[in-house]
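Colleague: So the protein lines, in turn, are chains A and B. Position in the first sequence (first residue = 1) + 105 = our numbering. Position in the second sequence (first residue = 1) + 1 = our numbering. Using N, Cα and C, we set each Cβ at its ideal position, and we do this for glycine too. First, the structure itself, so that you have it in front of you.
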Amino acid sequence: MGASNNVKYAYIVARVRAMKSKLIPRDMYPKILNMEIPEITRFIEESEYKKDVDELAKKYKGTELIEHAMSQNLALTYRKLIEVSQNEANFLITEYLRFWDIWNIKTMLRGKFSGASEEDIVEHLVAAGQLSYRDLMELVKIGTVEGVIGALSRTPYYPALEGYKGDLAEIENALDKWYYAKRIEAAIQTGNKLFLKFLRTEIDLKNLKMLFRMKRAGMEREDIMKLIIPGGMELKEADLNRLASLPLNEFVRALEEFSYWNAIADVSSDLSSLINIEIRLDKYGLEYAARISYYYPLSILPILDYILSKKIEVDNLRIIVHGKETKLPEEIIKAHLVM
Amino acid sequence: MVDPSQAGMVALGAGIAVGLAGIGAGMGEQAIGAAAVGAMAEDEKFFGKGLLMTVIPESIAIFGLVVSLILLFVF
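Below you can see the structure in the form of structure tokens.
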């Protein structure tokens, strides 16, 4: 990496590192788990989410307030990253954060498909991508799935959506494939090999999760291969083809030859629930991002590491709040946390 | 003492020493300065540390200055 590249990333990386230091430390989660809902609310109100909680306090109450405050904070944090970055970093962050556009489109289509209310859909939207909060609010008002797809005809996401024939899973998968194909294109366009490496590992983890789910559901190889996202790091197409054709037990054993095995080895025997495996894979992704961001400190990686860490912080807080609200036992909530 | 006919070369050497050292220090400081400003934008507490880190390459400029002073006043 040249000297000029180091300079390019110095500002944004130092800023992101300072932001990461304000995230809730890992050892804080057990303490939060011991708190009751009012205490958790107070803890969140006094943390980095204070401004968002204060802003939304008039509109919402209780856990709904926390939920909205966290979504707003996440969206504003990601938007800030786009605003304070320049050139290549700005382009790559913008492209990476299109994940949230995909997320929002999927949420909206699922909501419309199942007839959810506008409020319910809005609660799960995070305006961190290129579709602004105002765009999303207009989309939510549209009544049907076809209407939402039609309204997105001028966005780059339309090619993935236009083939909709009543099967939501099909276009959700098309959206995922489109997202990763475009990100790989962006990485190749900028020549940023580190971004490409990170992305390809992410694809591997996503494919692995998908394989576990599909194998457990007893799906056939042809059907599984239709859902697989191409372009992974270790799991090439031939590997995926082979893994998809194996029965569940042999599939799990065949994973031993990949580096991801270490992350799931001790939980791989219990396939009654995939939560443990998925949480381990998420944790692997988080640790991988942190590790390689230390290898390449002045690159896009510390920024991606922060984006991932922030998302996981919000996910963890949401799980704790919802778990406590529904009075789930502490062990179950803890099992769902990535830390 | 330097021969009066060579005095110009000494002055030139002194100038190059300060100039190149200054450029070197500047190159070193650009990334550190950018990072310091970035960290400070998030947390004002980084002002002291950031300032300290930014001026560390400045020692190279001082080395250049010392060399030029030696050239001008010792020889």
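1) Under 9 Å between beta-carbons, which chain A residues line up against Gly39(B)? List them in chain order, please.
2) Could you tell me if Asn354(A) is buried or exposed, where buried requires 16 or more neighbouring beta carbons within 10 angstroms of its beta carbon?
3) For Ser152(A), decide whether its Cβ has a neighbour in chain B, counting only Cβ atoms nearer than 9 Å.
4) Would you tell me roughly how many angstroms separate the C-alpha atoms of Gly27(B) and Val118(A), rounded to the nearest one?
5) Considering only the alpha carbon of each residue, which of Ala15(B), Ser6(B) and Leu52(B) lies closest to Ile63(B)?
6) Starting from Ala35(B), find everything on chain A with Cβ-Cβ shorter than 8 Å and list it in chain order.
7) Report yes or no: is there a C-beta of chain D within less than 9 Å of the C-beta of Phe74(B)?
8) Just the C-alpha distance for Ile17(B) and Gly9(B), rounded to the nearest angstrom, thanks.
9) Span of the alpha helix (DSSP H) holding Tyr201(A)?
10) Give the single residue among Val227(A), Thr306(A) and Glu193(A) whose Cα lies nearest to the Cα of Gly296(A).
11) Do Val189(A) and Ala174(A) count as a contact pair if the criterion is CB distance below 9 Å?
12) Rounding to the nearest angstrom, what Cα-Cα distance links Gly20(B) and Ile61(B) in this structure?
13) Note down the Cα distance separating Ile531(A) from Glu160(A), rounded to an integer number of angstroms.
14) Are the segment 415-424 of chain A and the segment 367-378 of chain A in contact at 8 Å, needing three or more beta carbon pairs?
15) Which residues in chain A sit within 7 Å of Ala32(B), going by Cβ to Cβ distance?
16) Which runs of the alpha helix (DSSP H) at least 4 residues long sit entirely within the segment 231-299 of chain A? Give them in chain order.
17) Starting from Glu43(B), find everything on chain A with Cβ-Cβ shorter than 7 Å and list it in chain order.
18) Assign Leu70(B) to one of two classes, buried (16 or more other C-beta atoms within 10 Å of its C-beta) or exposed (fewer than that).
19) Which residues of chain A have a Cβ atom closer than 8 Å to the Cβ of Phe47(B), listed in chain order?
20) Look at the Cβ atom of Leu299(A), then the Cβ atom of Ile149(A), and state whether they are nearer than 9 Å.
21) Helix, strand or coil: which one does DSSP assign to Ile207(A)?
22) Thinking just about the alpha-carbon of each residue, which of Leu138(A), Leu376(A), Lys302(A) and Ala115(A) is nearest to the one in Leu433(A)?
23) Please state whether the Cβ-Cβ distance between Ala395(A) and Gly336(A) is less than 9 Å.
24) Let me make sure I understand the geometry here. Which of Asn178(A), Arg321(A) and Ser219(A) has the alpha-carbon closest to that of Ser350(A)?
25) Please state the DSSP three-state secondary structure of Asp159(A).
26) Around the C-beta of Thr146(A), are 16 or more other C-beta atoms found within 10 angstroms, so that it is buried, or is it exposed?
Modeller: Inspection of the coordinates gives the following:
1) To locate residue 39(B), count along the second sequence from 1; it is residue 38. Residues of chain A passing the Cβ test: Ala115, Tyr116, Ile117, Val118, Ala119, Arg120, Val121, Arg122, Ala123 and Val189.
2) In the first sequence, counting from the first residue as 1, residue 354(A) sits at position 249. When all chains shown are included, Asn354(A) counts as exposed.
3) Along the first sequence, one-based indexing puts residue 152(A) at 47. Not one chain B Cβ lies under 9 Å of Ser152(A).
4) The count along the second sequence starts at 1 and reaches residue 27(B) at position 26. The count along the first sequence starts at 1 and reaches residue 118(A) at position 13. Cα to Cα, Gly27(B) sits roughly 20 Å from Val118(A).
5) Position 62 of the second sequence, counted from the start, is the residue given in the question as residue 63(B). Nearest C-alpha to Ile63(B): Ala15(B).
6) Along the second sequence, one-based indexing puts residue 35(B) at 34. The contacting residues are Val112, Ala115, Tyr116 and Ala119.
7) In the structure shown, chain D cannot be found, because the protein chains are A and B.
8) Locating residue 17(B) in the second sequence gives position 16, where the first residue counts as 1. Locating residue 9(B) in the second sequence gives position 8, where the first residue counts as 1. About 12 Å.
9) By one-based count along the first sequence, residue 201(A) stands at place 96. That run of the alpha helix (DSSP H) goes Asn192 to Tyr201.
10) Indexing the first sequence from 1 puts residue 296(A) at position 191. For the residues Val227(A), Thr306(A) and Glu193(A), the minimum Cα distance to Gly296(A) belongs to Glu193(A).
11) As a position in the first sequence, residue 174(A) is number 69, starting the count at 1. As a position in the first sequence, residue 189(A) is number 84, starting the count at 1. Against a cut-off of 9 Å, the Cβ pair of Val189(A) and Ala174(A) comes out as no contact.
12) Taking the first residue of the second sequence as 1, we reach residue 20(B) at position 19. Taking the first residue of the second sequence as 1, we reach residue 61(B) at position 60. Each residue's alpha carbon lies about 11 Å from the other.
13) Nothing about residue 531(A) can be read from this structure; chain A reaches only from 106 to 444.
14) no
15) What you label residue 32(B) is simply residue 31 of the second sequence in a count that begins at 1. Chain A residues near Ala32(B): Asn111, Val112 and Ala115.
16) 238-246, 250-256, 263-266 and 273-295
17) The count along the second sequence starts at 1 and reaches residue 43(B) at position 42. Per Cβ cutoff of 7 Å: Arg120, Ala123 and Met124.
18) Position 69 of the second sequence, counting from 1, holds the residue named residue 70(B). Label assigned to Leu70(B): exposed.
19) For the purposes of this step, residue 47(B) is taken as the residue at position 46 of the second sequence. Per Cβ cutoff of 8 Å: Ala123.
20) For the purposes of this step, residue 299(A) is identified with residue 194 of the first sequence, where counting begins at 1. For the purposes of this step, residue 149(A) is identified with residue 44 of the first sequence, where counting begins at 1. Taking 9 Å as the Cβ cut-off, Leu299(A) and Ile149(A) do not qualify as a contacting pair.
21) Counting from 1 along the first sequence, the entry for residue 207(A) is found at position 102. Residue state, collapsed to three classes: helix.
22) For the purposes of this step, residue 433(A) is taken as residue 328 along the first sequence, with counting starting at 1. Looking at the Cα atoms, Leu138(A) is the closest of the given residues.
23) For the purposes of this step, residue 395(A) is taken as the residue at position 290 of the first sequence. For the purposes of this step, residue 336(A) is taken as the residue at position 231 of the first sequence. For Ala395(A) and Gly336(A), no; Cβs fall outside 9 Å.
24) Here residue 350(A) corresponds to residue number 245 of the first sequence, with the count starting at 1. Here the closest residue by C-alpha is Arg321(A).
25) Counting from one through the first sequence, the residue named residue 159(A) turns up at place 54. The answer is helix: DSSP assigns Asp159(A) an H, G or I state.
26) On the first sequence, residue 146(A) is found 41 positions in, with the first residue counted as 1. So Thr146(A) ends up on the buried side.
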